[in-house]
Structure formats: structure tokens, C-alpha cells
């Protein structure tokens, strides 16, 4: 055990952390936008479109993220689509985030009592107006806790990008380990940094949940 | 998975009966394992522990990391489930002369399990998907086999596509099965 190694490589790990944060923010922005759109598409009256969206969301959610990543990074080049590491990681993670956010959106909207829709429609609002002015504002509050929970999982899952060679915290730890041969301390240190990123989010989730239970 | 269930339940019970110290320890365990990436945990067990003299095979490393990770999530679910069983159940059981262990075993845990089931099911499903991560340390499972084949014949598109299909079948089958089990248990609960 040698903590000097950790002290020496800490700046390098912090640089990796910066990339982890950047990757997370990019994916959260893309995935949230995509998830809102896809989640709302599941309420479109056209049944074929709805079915296609549902099937896609289910497939993405049922596939391990690692496999999604490998499919995009190693699989697509085989049919001529070559994507560099960074965009591949952003694409795979965003797909995952989009599908899961879409489920959160769908769940929240469906949890709004049916009477709200009926009342809104009977006052003469169109379907789109009902969604925009009545259902979504109420559902947003309910989306928040599971959404922050998703963000926590996402920050942890950005570590998978290291496997295809994206430079971020896990990759930085791996590179430091290749230089120093101290995997135990350095991985522990990386774990501690991830903990510092994720724990506040977990606390926020718990607080949002408690807030929601109060009327 | 069975291990993760057992450890999760054990940990949750410890937090119930262990007093303040037990509860503190359990909280720390749950928070640490839930807020760090599984990949890092697997790497610590497989690459890190040998450095302090504990060498595990890829299989054992993968198994123990996955178990600890899933158990942390399960413990949290069980805790919520145990707390959801009304206190009166506990008091009534004690007053009929059952011992503390009997109350836990016959009265509280069976009810808590029924309450926890949907959340546990979700966890089981994510565990199946997370098991793909242990391929990174060379444990032979679906993902590892897929990597192996595609590095041999370079038909990565088809191979990973096929692996995805297998995972989807596995996961969707599992969720359907769990939904059926849930409905069964609910019916049993209503009849009682």
C-alpha cells in the first residue's frame, strides 16, 4: 500500500473526472431532450408509430449498455459506418438515457388521473393542448425523482466508455495503473471520486422523493 | 442472484436489529456500493485485491463484485419493504408468544417480500444486464463469447446483433415471468 502513488496521480485522475463530467452533461442534455420527445411520442394517436416507438424503447432498455456500446463501436464499422470513440460513447449513452427517460416520462404522464384528461378535453382543449397545458406540467413534478436517479446511474455508467478507449476517470485510473502498477489504491481513489459525484445526486433524489410525498 | 438476495436480506435485517451501529454500517455499505460504478468495483476486486494478497479467479471476482453490488440495491428495497409492514403485525406476533426470530421469519419477512417483489424484479433484470460487465475481466459469459467470436471472424455487426437479441429475449422473458409471479402473489394476498 502506498498512498504517495495516489497523491502523485491525483491531478491526472482529476483531469479524467473533468471528462467524465463533460461526457455526463452532454449525454444528460441529449438524452433528456430525446427522452421527452420519445416519451411524448408514446401518446400519439397513430398506433403504428406508437408501436414502433414502444418496441425500440423496450429493445434499448433490455440490452446491456456495454453491448450497445460495442455494437456501435465495433459492430457498425462492419457495415461501413465508422464512428470515433467519443461520438460512439456519447451516442450509446444518449440512446440508453433517451430510452430510460422516455419510460420515466410515460410513467409520470400515465400516473396523472384520467379525469384530468377528460375534464381538459371537455372544456374544448385539443389533444396537444391537453398534453402541453394540463398533463405535462403536473407530470414534471413526478418525473423529477426518478430522473435524478437516472442521472446518478448515468454518471456511473460513463465508466463503460473507458472500455472502448474514451479518456475519462476510469481510463485515467487505468493509465495511471499501467504506469505505477498500484491498481488497488488507484481504483479505490477513482471509486472515491465517483462517490463524490454521485452521492450528492442520490441525496437529491431522496429529498425530491420525500418532497413529493408531501402534498 | 440468489446470493445477492440472501446477502441483501441479511443486510436489511441487520439494519433492523443491529441498533444504531448496525444501521450506520449498513447505510455506509449501501451508499458506497450504490454510488460507485460497478465496473470500478469489479476492477478493484480483480486487479486491486491481488496487490494486498487476495487473488481471486475471474469467476469468483465477477461473482463477488456482482453480488455485493446487487445486494446493496436489494438491501435498500428490503429495508423499505420491512418498514412497510405495519408495526401492529410485529406486536401481535410477539404477544402470541413467538420469539423475535420467529416473528421475523414467519410474519414480517414473508409480507415484506410480497411488498418488495416488483422492485426486486427490476433489480434482477438489471443484474442480468450488468452481468455483461464481467466479460471485461475475462469471465466467460454471453458478452465474452460474443467478443471472442467477433474477434475471430470480424463479423462484429452480426455477432453483437445476435447477442443483443439473446439479451432482449432473456430480459423480456424474465420481466414477463416476474409479472405473472406478481399477479399470483397479489391474488394469494387478497385471498388471505
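Chains as they are written, first to last, in the numbering used here: chain A, 1 to 215; chain B, 1001 to 1192.
Backbone N, C-alpha and C fix where the C-beta goes; we use that ideal spot for every residue, glycine too.
Option nearest residue i by Cα separation, candidates the options
{"i": "residue 163 (chain A)", "options": "A:36, A:86, A:37", "result": "A:86"}
{"i": "residue 1051 (chain B)", "options": "A:180, A:52, A:98", "result": "A:180"}
{"i": "residue 91 (chain A)", "options": "A:114, A:188, A:65", "result": "A:65"}
{"i": "residue 9 (chain A)", "options": "A:159, A:178, A:126", "result": "A:178"}
{"i": "residue 149 (chain A)", "options": "B:1099, B:1007, B:1034", "result": "B:1034"}
{"i": "residue 115 (chain A)", "options": "A:34, A:35, A:135, A:107", "result": "A:135"}
{"i": "residue 36 (chain A)", "options": "A:79, A:106, A:202, A:6", "result": "A:106"}
{"i": "residue 4 (chain A)", "options": "A:49, A:206, A:205, A:184", "result": "A:184"}
{"i": "residue 98 (chain A)", "options": "A:167, A:206, A:205, A:58", "result": "A:58"}
{"i": "residue 1142 (chain B)", "options": "B:1156, B:1155, B:1164, B:1157", "result": "B:1164"}
Chain-order list of residues whose beta-carbon lies under 6 Å from that of residue i (same chain, five-residue window excluded)
{"i": "residue 1065 (chain B)", "result": "1041, 1042, 1045"}
{"i": "residue 1111 (chain B)", "result": "1085"}
Straight-line gap, residue i to residue j (C-alpha atoms, nearest Å)
{"i": "residue 1123 (chain B)", "j": "residue 123 (chain A)", "result": "43 Å"}
{"i": "residue 1074 (chain B)", "j": "residue 139 (chain A)", "result": "28 Å"}
{"i": "residue 25 (chain A)", "j": "residue 152 (chain A)", "result": "12 Å"}
{"i": "residue 29 (chain A)", "j": "residue 39 (chain A)", "result": "15 Å"}
{"i": "residue 192 (chain A)", "j": "residue 169 (chain A)", "result": "11 Å"}
{"i": "residue 182 (chain A)", "j": "residue 11 (chain A)", "result": "16 Å"}
{"i": "residue 156 (chain A)", "j": "residue 1167 (chain B)", "result": "21 Å"}
{"i": "residue 1021 (chain B)", "j": "residue 1028 (chain B)", "result": "11 Å"}
{"i": "residue 1060 (chain B)", "j": "residue 55 (chain A)", "result": "36 Å"}
{"i": "residue 1023 (chain B)", "j": "residue 1030 (chain B)", "result": "10 Å"}
{"i": "residue 1039 (chain B)", "j": "residue 1133 (chain B)", "result": "7 Å"}
{"i": "residue 1169 (chain B)", "j": "residue 1177 (chain B)", "result": "12 Å"}
{"i": "residue 1102 (chain B)", "j": "residue 1032 (chain B)", "result": "32 Å"}
{"i": "residue 53 (chain A)", "j": "residue 45 (chain A)", "result": "12 Å"}
{"i": "residue 1130 (chain B)", "j": "residue 1076 (chain B)", "result": "18 Å"}
{"i": "residue 195 (chain A)", "j": "residue 1036 (chain B)", "result": "5 Å"}
{"i": "residue 201 (chain A)", "j": "residue 1152 (chain B)", "result": "42 Å"}
{"i": "residue 203 (chain A)", "j": "residue 18 (chain A)", "result": "22 Å"}
{"i": "residue 165 (chain A)", "j": "residue 1135 (chain B)", "result": "16 Å"}
{"i": "residue 1080 (chain B)", "j": "residue 1007 (chain B)", "result": "16 Å"}
{"i": "residue 1062 (chain B)", "j": "residue 1171 (chain B)", "result": "20 Å"}
{"i": "residue 159 (chain A)", "j": "residue 141 (chain A)", "result": "29 Å"}
{"i": "residue 113 (chain A)", "j": "residue 41 (chain A)", "result": "19 Å"}
Closer than 8 Å to chain A by CB, residue i
{"i": "residue 1044 (chain B)", "result": "yes"}
{"i": "residue 1037 (chain B)", "result": "yes"}
{"i": "residue 1107 (chain B)", "result": "no"}
{"i": "residue 1034 (chain B)", "result": "yes"}
{"i": "residue 1144 (chain B)", "result": "no"}
{"i": "residue 1155 (chain B)", "result": "yes"}
{"i": "residue 1078 (chain B)", "result": "no"}
{"i": "residue 1068 (chain B)", "result": "no"}
{"i": "residue 1073 (chain B)", "result": "no"}
{"i": "residue 1182 (chain B)", "result": "no"}
{"i": "residue 1057 (chain B)", "result": "no"}
{"i": "residue 1132 (chain B)", "result": "yes"}
{"i": "residue 1191 (chain B)", "result": "For residue 1191 (chain B), the predicted structure reports a pLDDT of 43, less than 50, and the residue's modelled location is therefore unreliable. A value from the coordinates is still provided. False, the Cβ-Cβ gap to chain A never drops below 8 Å."}
{"i": "residue 1031 (chain B)", "result": "yes"}
Span of the alpha helix (DSSP H) around residue i
{"i": "residue 38 (chain A)", "result": "3 to 41"}
{"i": "residue 131 (chain A)", "result": "First-last for residue 131 (chain A): undefined, no H or E at that position."}
{"i": "residue 210 (chain A)", "result": "183 to 213"}
{"i": "residue 1111 (chain B)", "result": "1109 to 1130"}
{"i": "residue 124 (chain A)", "result": "First-last for residue 124 (chain A): undefined, no H or E at that position."}
{"i": "residue 1064 (chain B)", "result": "1058 to 1084"}
{"i": "residue 58 (chain A)", "result": "47 to 62"}
{"i": "residue 1051 (chain B)", "result": "Run containing residue 1051 (chain B): none; DSSP gives neither H nor E here."}
Contacting residues, own chain, Cβ-Cβ under 7 Å from residue i (five flanking each side not counted)
{"i": "residue 95 (chain A)", "result": "60, 68"}
{"i": "residue 1191 (chain B)", "result": "Summary for residue 1191 (chain B): the model assigns pLDDT 43, below 50, so the residue's position carries little reliability, and this model does not support an answer."}
{"i": "residue 1094 (chain B)", "result": "1103"}
Sequence-distant residues of the same chain with beta carbon closer than 8 Å to residue i, five excluded per side
{"i": "residue 144 (chain A)", "result": "208, 212"}
{"i": "residue 147 (chain A)", "result": "32, 101, 104"}
{"i": "residue 1182 (chain B)", "result": "1117, 1118, 1121"}
{"i": "residue 13 (chain A)", "result": "169, 172, 173, 176, 186, 189, 190, 193"}
{"i": "residue 121 (chain A)", "result": "127, 130"}
{"i": "residue 1175 (chain B)", "result": "1121, 1125"}
{"i": "residue 1106 (chain B)", "result": "1093, 1098"}
{"i": "residue 2 (chain A)", "result": "182, 185"}
Any chain B beta carbon closer than 8 Å to residue i
{"i": "residue 187 (chain A)", "result": "yes"}
{"i": "residue 12 (chain A)", "result": "no"}
{"i": "residue 87 (chain A)", "result": "no"}
{"i": "residue 194 (chain A)", "result": "yes"}
{"i": "residue 22 (chain A)", "result": "no"}
{"i": "residue 51 (chain A)", "result": "no"}
{"i": "residue 43 (chain A)", "result": "no"}
{"i": "residue 151 (chain A)", "result": "no"}
{"i": "residue 211 (chain A)", "result": "no"}
{"i": "residue 168 (chain A)", "result": "no"}
{"i": "residue 199 (chain A)", "result": "yes"}
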